[in-house]
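Add 915 to the 1-based position in the sequence shown for my numbering, that's all there is to it. Note sheet for the following structure.
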Amino acid sequence: MDTLKWIDETTAQLPEGAFLMVKGNPMTIGWGQFGILWRTLCATVYVRHSRYTHELLEDCDTFTISVPDPGAMKQELAFCGTKSGRDFDKCKEINRSLVPAVYGAQDGLEGCRYQIECKILHRSELDISLLEDPAIIDRHYRSGDTHTMYIGQVLGVTEFSSCKKSH
Ligand SMILES: Cc1cc2nc3c(=O)[nH]c(=O)nc-3n(C[C@H](O)[C@H](O)[C@H](O)COP(=O)(O)O)c2cc1C
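Pasting the structure below:
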């Protein structure tokens, strides 16, 4: 698996959305980074306190990011980015099954290009009092609904193309 390729393609897709998978609940995410920390390849995601996913992560030590092909799964991303798993079985609503985890993290979502499986190494609150640009608080945190940051070790990535898996 070409690490730079999946990081590059995932980073390009994030503004359109990817699915953060926790306990079978897909939540659309647009924020995230990949890089080296503690000599380990890590993925970082940010989840607001109000999300059902936040609740699910409270007693979970892994997450998985399922990344669609460019331009694909727009309706699914919109649904999973506006509806909560508290109110819907989102997989059922978007008519997608789960793809079993390959590296022991969370199951991914059917129909995506990459399945990035991560083990949480660190979780912390994003302290908005430390933000140096007040415009960011104004733009993103007026409601007070702040983010928890989850740094996960990348356990492994599976690429799916026409149902073919490569590691
Ligand atoms: C394109 C897009 C990107 C999003 N990115 C994030 C994100 O990075 N973090 C977050 O907490 N919510 C993000 N959201 C909002 C959640 O996906 C949305 O509130 C979702 O309904 C929460 O689902 P849940 O309650 O099942 O966890 C995003 C929504 C969209 C449409």
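All residues carry an ideal CB built from backbone N, CA and C; glycine is no exception.
Own chain partners of residue i with C-beta closer than 8 Å, once the 5 adjacent residues on each side are dropped
i, result
"Ala927", "Pro985"
"Trp953", "Leu1036"
Buried or exposed (CB count within 10 angstroms, at least 16 for buried), residue i
i, result
"His1062", "buried"
"Gly1000", "buried"
"Ser1024", "According to the sequence shown, residue 1024 is Leu rather than Ser. Counting Cβ neighbours within 10 Å, Leu1024 comes out buried, since at least 16 surround it."
"Lys1005", "buried"
Own chain, CB closer than 6 Å to residue i, minus 5 neighbours either side, in chain order
i, result
"Pro983", "Cys1027"
"Tyr1065", "Val960, Ile1035, Arg1038"
"Trp921", "Tyr1029, Val1072"
Alpha-carbon to alpha-carbon, residue j and residue i
i, j, result
"Val1069", "Asp1053", "33 Å"
"His1037", "Ile944", "19 Å"
"Ser981", "Leu1041", "24 Å"
"Trp946", "Glu970", "18 Å"
"Leu1045", "Asp923", "29 Å"
"Lys1007", "Glu1047", "42 Å"
"Thr955", "Leu919", "15 Å"
"Ala987", "Ala1050", "33 Å"
"Ser1012", "Ser1058", "34 Å"
"Phe1075", "Asp1002", "30 Å"
"Thr925", "Glu973", "25 Å"
Neighbourhood of residue i by C-beta, 7 Å cutoff - its chain only, sequence neighbours within 5 removed
i, result
"Gln948", "Thr959"
"Gly950", "Cys957"
"Asp1060", "Arg963, His964, Ser965"
"Ile1043", "Ile1052, Tyr1056, Thr1061"
Member of the options whose CA lies at the smallest distance from the CA of residue i
i, options, result
"Val937", "Cys975, Leu992, Leu952", "Cys975"
"Lys989", "Pro1049, Pro930, Tyr1065, Gly1019", "Pro930"
"Gly1019", "Leu971, Glu924, Cys1033", "Cys1033"
"Pro1015", "Phe978, Val962, Thr925", "Phe978"
"Tyr1056", "Glu991, Leu919, Ser965", "Ser965"
"Lys998", "Met916, Ala933, Pro941", "Pro941"
"Asn1010", "Gln1021, Cys995, Asp1002", "Cys995"
"Leu992", "Leu919, Leu935, Glu973, Thr955", "Leu935"
"Gly1067", "Ser1012, Ala1050, Leu1045, Gln1021", "Gln1021"
"Gly939", "Thr968, Trp921, Ala933", "Thr968"
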